[in-house]
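The structure appears right after this line, and notes come after that.
2 protein chains.
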Amino acid sequence: MERVVMKFGGTSVGTSDRIRASAARVADEAAKGHAVAVVVSAMAGETDRLLELAGAHGGALGQVETDVVLTAGEQVSAALMALELGARGLKAQSFLGWQARIETQGPPGSSRISALDAAPVLAALEQGIIPVMAGYQGIGPDNRLRTLGRGGSDLSAVALAAALGARCDIYTDVDGVYTTDPRIEPRARRIPAISYDEMLELAAQGAKVLQTRSAEMAKARGVRLRVLSSFSNDPDAEGTEVVDADLISERRIVSGVAYARDQARIGLLGVSDQPQAAAEVFGALADAEIGIDMIVQGRSRDAGTVNIEFTVDRRDLHAALDVIDSAASGSGARDIVHETGLAKVSIVGIGLNRRADVARILFRALGEKNIAVKVIATSEIKISVLIANESVELAVRALHSAYGLDAAG
Amino acid sequence: MERVVMKFGGTSVGTSDRIRASAARVADEAAKGHAVAVVVSAMAGETDRLLELAGAHGGALGQVETDVVLTAGEQVSAALMALELGARGLKAQSFLGWQARIETQGPPGSSRISALDAAPVLAALEQGIIPVMAGYQGIGPDNRLRTLGRGGSDLSAVALAAALGARCDIYTDVDGVYTTDPRIEPRARRIPAISYDEMLELAAQGAKVLQTRSAEMAKARGVRLRVLSSFSNDPDAEGTEVVDADLISERRIVSGVAYARDQARIGLLGVSDQPQAAAEVFGALADAEIGIDMIVQGRSRDAGTVNIEFTVDRRDLHAALDVIDSAASGSGARDIVHETGLAKVSIVGIGLNRRADVARILFRALGEKNIAVKVIATSEIKISVLIANESVELAVRALHSAYGLDAAG
Numbered sequence: 001m002e003r004v005v006m007k008f009g010g011t012s013v014g015t016s017d018r019i020r021a022s023a024a025r026v027a028d029e030a031a032k033g034h035a036v037a038v039v040v041s042a043m044a045g046e047t048d049r050l051l052e053l054a055g056a057h058g059g060a061l062g063q064v065e066t067d068v069v070l071t072a073g074e075q076v077s078a079a080l081m082a083l084e085l086g087a088r089g090l091k092a093q094s095f096l097g098w099q100a101r102i103e104t105q106g107p108p109g110s111s112r113i114s115a116l117d118a119a120p121v122l123a124a125l126e127q128g129i130i131p132v133m134a135g136y137q138g139i140g141p142d143n144r145l146r147t148l149g150r151g152g153s154d155l156s157a158v159a160l161a162a163a164l165g166a167r168c169d170i171y172t173d174v175d176g177v178y179t180t181d182p183r184i185e186p187r188a189r190r191i192p193a194i195s196y197d198e199m200l201e202l203a204a205q206g207a208k209v210l211q212t213r214s215a216e217m218a219k220a221r222g223v224r225l226r227v228l229s230s231f232s233n234d235p236d237a238e239g240t241e242v243v244d245a246d247l248i249s250e251r252r253i254v255s256g257v258a259y260a261r262d263q264a265r266i267g268l269l270g271v272s273d274q275p276q277a278a279a280e281v282f283g284a285l286a287d288a289e290i291g292i293d294m295i296v297q298g299r300s301r302d303a304g305t306v307n308i309e310f311t312v313d314r315r316d317l318h319a320a321l322d323v324i325d326s327a328a329s330g331s332g333a334r335d336i337v338h339e340t341g342l343a344k345v346s347i348v349g350i351g352l353n354r355r356a357d358v359a360r361i362l363f364r365a366l367g368e369k370n371i372a373v374k375v376i377a378t379s380e381i382k383i384s385v386l387i388a389n390e391s392v393e394l395a396v397r398a399l400h401s402a403y404g405l406d407a408a409g
Numbered sequence: 001m002e003r004v005v006m007k008f009g010g011t012s013v014g015t016s017d018r019i020r021a022s023a024a025r026v027a028d029e030a031a032k033g034h035a036v037a038v039v040v041s042a043m044a045g046e047t048d049r050l051l052e053l054a055g056a057h058g059g060a061l062g063q064v065e066t067d068v069v070l071t072a073g074e075q076v077s078a079a080l081m082a083l084e085l086g087a088r089g090l091k092a093q094s095f096l097g098w099q100a101r102i103e104t105q106g107p108p109g110s111s112r113i114s115a116l117d118a119a120p121v122l123a124a125l126e127q128g129i130i131p132v133m134a135g136y137q138g139i140g141p142d143n144r145l146r147t148l149g150r151g152g153s154d155l156s157a158v159a160l161a162a163a164l165g166a167r168c169d170i171y172t173d174v175d176g177v178y179t180t181d182p183r184i185e186p187r188a189r190r191i192p193a194i195s196y197d198e199m200l201e202l203a204a205q206g207a208k209v210l211q212t213r214s215a216e217m218a219k220a221r222g223v224r225l226r227v228l229s230s231f232s233n234d235p236d237a238e239g240t241e242v243v244d245a246d247l248i249s250e251r252r253i254v255s256g257v258a259y260a261r262d263q264a265r266i267g268l269l270g271v272s273d274q275p276q277a278a279a280e281v282f283g284a285l286a287d288a289e290i291g292i293d294m295i296v297q298g299r300s301r302d303a304g305t306v307n308i309e310f311t312v313d314r315r316d317l318h319a320a321l322d323v324i325d326s327a328a329s330g331s332g333a334r335d336i337v338h339e340t341g342l343a344k345v346s347i348v349g350i351g352l353n354r355r356a357d358v359a360r361i362l363f364r365a366l367g368e369k370n371i372a373v374k375v376i377a378t379s380e381i382k383i384s385v386l387i388a389n390e391s392v393e394l395a396v397r398a399l400h401s402a403y404g405l406d407a408a409g
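See below:
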């Protein structure tokens, strides 16, 4: 009996009608003779509503209690889905984070799953019960509730699938992973199959369809992953499979173009060229859980010093500057500068590292549109450029076209 | 160090402002040097919203999952209160039903507390942490969440107070227990002190300020109970103390007038006069968890048979008739009739049983207003009459005045 984890995102359980439609898909899958487990997000908008409630009482100061508030969202949608499955004559049972024994570590608000004891869920499956697990939540070492960060329900689903040896189908409001955001480029195409690494980079560079850590975990645990639409009439005919790179037959240089708006650039000018100086700053930022990106180090006007630049999310800028103000004294930076109103546009593809003209195509495409590149950062399978926020759409369309991703006709 | 359990109802945590005001009261109490534990209801309106969501998915068919939905309400308000106390510089921690180890038995939706292990809450108190317990919830024998029925947060508070040997202050949107509903009779007076038994009867007969089972438990466990307003500037100066009867100095016949609208009367006509017949019917109703009230048995036109009449809540009428249709065949009732549009008005007082003219006053007062009494039922400390729904206000005011409860001037 094949095991399937079906994960439904916020819009797929956003209303009573959507819960009914998603429950119908679960019923279809169960009717095929599969052993089905379900993972749900909170109803669309609910997490924001709860976050606002917590914010009114100094939520950020008490992240553990904020997590207790937030987990209520998935608790409700899991129980509603179990109710709806029950109303359809199926046996179903909700499992909250503490009942599914999802242990987490790390800071509240963005904990990571450290262990998932599948025994309770397996016991339900063996009794013919469909377990409906509340996504996004687990318990911390103090036996209190924790959340896994935005998009964490995907992670819950992949972790459960890995523990069960199951296939993982992620149902969302789009019918798969696209070469870029179709709201910006109508000629974007659905990618039928993509490698774990590309998926990971696309997610990391701003594509919102699947959370980075989920792709990472799917790769590490060998979980067969699909991204499907819960709105489509025939989701099996559509969707994107996330698989090992060598299983992808289509050879292409670039798989997709991702973007992330509202980035900020921070420059530490005239820092000591001894690596300890940079290590101190980045260590302090890491301790403060501030994600940094696109690090470049360049020549300074003063001997024995360098300029270090990196980007952070705009909303982390002030926290980052605070951390640097304390830490950077040790590094002796001559000056600390920052710039906002920036965006990151990235091309991702497993073929990138094999093609020498990739960078030329990139600069030519952006140059033709007079888009200035402020920073560039590369990895094996991606190139990111930092540009002005206002040029995002133009850059995405130009790169989508330049790398031959536009749909024919 | 005196221990105090402070319980805040739905309106007292209904908005961020109300949560702040209630948190300020907790801070005041803690500043007096008391060891304070808090119990909260869901934010006003939240339980109804969640119940409606569950209802859209056949909630009544899956009462255990409905309970999982409903408990989210108190989970959120408990964490918000803990956040707000934290923002005020106090140490506080939320305790959900499964964390406070509140074990329950009985049907989901109206479970009763069978055990409360105070150890986790006590451990918090001993570390100077204010425990904020989610009311209305516990866990069942299957280790899944359960709710305690409407008003169940009062029960949570009394049970916690009993376990801690604490005083229990119930903060609500009225400043105490009144001689009757002030919305119906503006001359209603606050009762400074009332006996457990009277409180229990008033609650059972429809007064909404405190749940019946809470008064019962407070009496059984000797918990000092106060009902206070969280809206008043000086709640200590107001409120109602619920105490042993012999601690009440004021001697009065009737303490209050309660009412419950939307009652239905069911009549089983021509039932065998052998007690087994009635036992079968009432047993089946009890098995179906349908509360029955005001049972009267009268003469039937046929020899060897009796007429049995009783009342149920209007919303239980159809369920009750279904149960009777199956069960009553054995009792051989000649006919089953029912009537709706009825209300119950009750007078409650520990002096009732000492005064012979109580019934005369009642019939005279109702007779003067031409209010027909359909059924009358009495106990040691209460008399209830069943009348037409439309006469409730008139009857309440007439009885309030007849028993000398109207406020002077």
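As they're listed, the protein sequences go chains A and B.
The UniProt record's numbering puts the first residue of the first sequence at 1, with every later residue one more than the last.
The UniProt record's numbering puts the first residue of the second sequence at 1, with every later residue one more than the last.
All C-beta atoms, glycine included, are put in the ideal place defined by N, C-alpha and C.
Since we're looking at a predicted model, the values are computed, not measured.
Under 7 Å (Cβ pairs) to chain A, residues found in the segment 272–286 of chain B | The segment 272–286 of chain B vs chain A, Cβ under 7 Å: nothing.
Would DSSP call A:Phe310 helix, strand or coil?
-> Note: A:Phe310 maps to strand in three-state DSSP.
Since B:Val39 and B:Ser114 are thought to touch, with beta carbons under 8 Å apart, how far apart are those beta carbons, to the nearest angstrom?
-> Between B:Ser114 and B:Val39 the Cβ distance is about 18 Å, and since that is not below 8 Å, they are no contact.
Where does A:Thr147 sit, in a helix, a strand or coil, going by DSSP?
-> strand
In angstroms with no decimal places, state the Cα-to-Cα distance between A:Met217 and A:Leu122.
-> 20 Å
Three-way DSSP call (helix, strand, coil) for A:Gln211 in this model = A:Gln211 falls in the coil class under three-state DSSP.
Beta-carbon proximity check, A:Leu210 vs A:Ala37, cutoff 9 Å = Not in contact: A:Leu210 and A:Ala37 (Cβ atoms no closer than 9 Å).
Chain A residues whose Cβ lies nearer than 8 Å to that of B:Gln75 = Val68, Val69, Thr71, Ala72 and Gln75
What residues of chain A sit near B:Glu84, judged by a beta carbon separation below 7 Å?
-> Under a criterion of Cβ atoms nearer than 7 Å, the residues of chain A adjacent to B:Glu84 are, in order, His57.
State yes or no: is the C-beta of A:Leu386 within less than 9 Å of the C-beta of A:Lys369?
-> no
Please check if any C-beta of chain A sits within less than 9 Å of the C-beta of B:Ala37.
-> no
If we count the other Cβ atoms within 10 Å of its Cβ and call it buried at 16 or more, is B:Ala157 buried or exposed?
-> buried
Note the first and the last residue of the continuous beta strand (DSSP E) segment covering B:Ile102.
-> Here the beta strand (DSSP E) through B:Ile102 covers Ile102 to Gln105.
Interface residues of chain A facing B:Ile19 [CB-CB closer than 7 Å] = Contact note: B:Ile19 reaches chain A through His57, using a C-beta cutoff of 7 Å and chain order.
If we call anything under 9 Å between Cβ atoms a contact, is B:Val5 one with B:Ala203?
-> no
So who's on the other strand from B:Gly256, going by DSSP bridges?
-> B:Val348
Taking only heavy atoms of the ligand ADP into account, decide whether any of them is closer than 8 Å to the Cβ of B:Thr71.
-> Only the bare structure without any ligand can be found here, which leaves the ligand ADP out of the picture.
What runs of the beta strand (DSSP E), each 3 residues or longer, lie entirely inside the segment 2–79 of chain A?
-> 3–8 and 35–40
How about A:Glu198 and A:Gly256: are their beta carbons less than 9 Å apart?
-> yes
Would you mind giving the Cβ-Cβ distance between A:Ala92 and A:Val132, rounded to the nearest angstrom? I have them listed as a contact below 8 Å.
-> With a Cβ gap of about 6 Å, A:Ala92 and A:Val132 count as contacting.
Distance, A:Gly298 Cα to A:Asp273 Cα = 10 Å
Excluding five sequence neighbours on each side, which residues of the same chain lie with their C-beta closer than 6 Å to the C-beta of residue 431 of chain A?
-> Residue numbering for chain A in the displayed model covers 1 to 409; residue 431 of chain A lies beyond these limits and cannot be assessed.
Chain-ordered residues of the segment 138–158 of chain A with a beta carbon less than 9 Å from chain B | Asn143, Arg144 and Leu145
Does the segment 382–401 of chain A touch the segment 249–263 of chain A, meaning 3 or more C-beta pairs lie closer than 8 Å?
-> yes
Segments assigned alpha helix (DSSP H), at least 4 residues, entirely inside the segment 152–193 of chain B | 152–164
In this structure, does DSSP put B:Val373 in helix, strand or coil?
-> coil
Under the assumption that B:Val396 contacts B:Glu185 (Cβ atoms under 8 Å), give the Cβ distance between them as a whole number of angstroms.
-> 6 Å
Starting from B:Gly135 and walking both ways along the alpha helix (DSSP H), at which residues does that stretch end?
-> Where B:Gly135 is concerned, there is no enclosing alpha helix (DSSP H), given that its DSSP letter is neither H nor E.
So, are the CB atoms of B:Arg334 and B:Ser379 less than 9 Å apart?
-> no
State whether the segment 67–85 of chain A contacts the segment 72–86 of chain B, with contact taken as three or more CB pairs (one from each stretch) at a distance under 8 Å.
-> yes
With DSSP run on the structure shown, which of helix, strand or coil describes A:Asp142?
-> coil
Test: B:Leu50 CB closer than 9 Å to a CB of chain A = yes
Secondary structure, beta strand (DSSP E): runs of 3+ residues fully inside the UniProt domain "ACT" (266–338) of chain A | 293–299 and 305–313
By the 10 Å Cβ neighbour count, where 16 or more other Cβ atoms means buried, how is A:Met294 classified, buried or exposed?
-> buried
A:Arg224 to A:Ala356 span [Cα, whole Å] | Straight-line measurement puts the Cα of A:Ala356 at about 32 Å from the Cα of A:Arg224.
Could you name the residues of chain B that A:Gly62 contacts, counting a contact when the two beta carbons are closer than 8 Å?
-> Ala82, Leu83, Gly86 and Ala87
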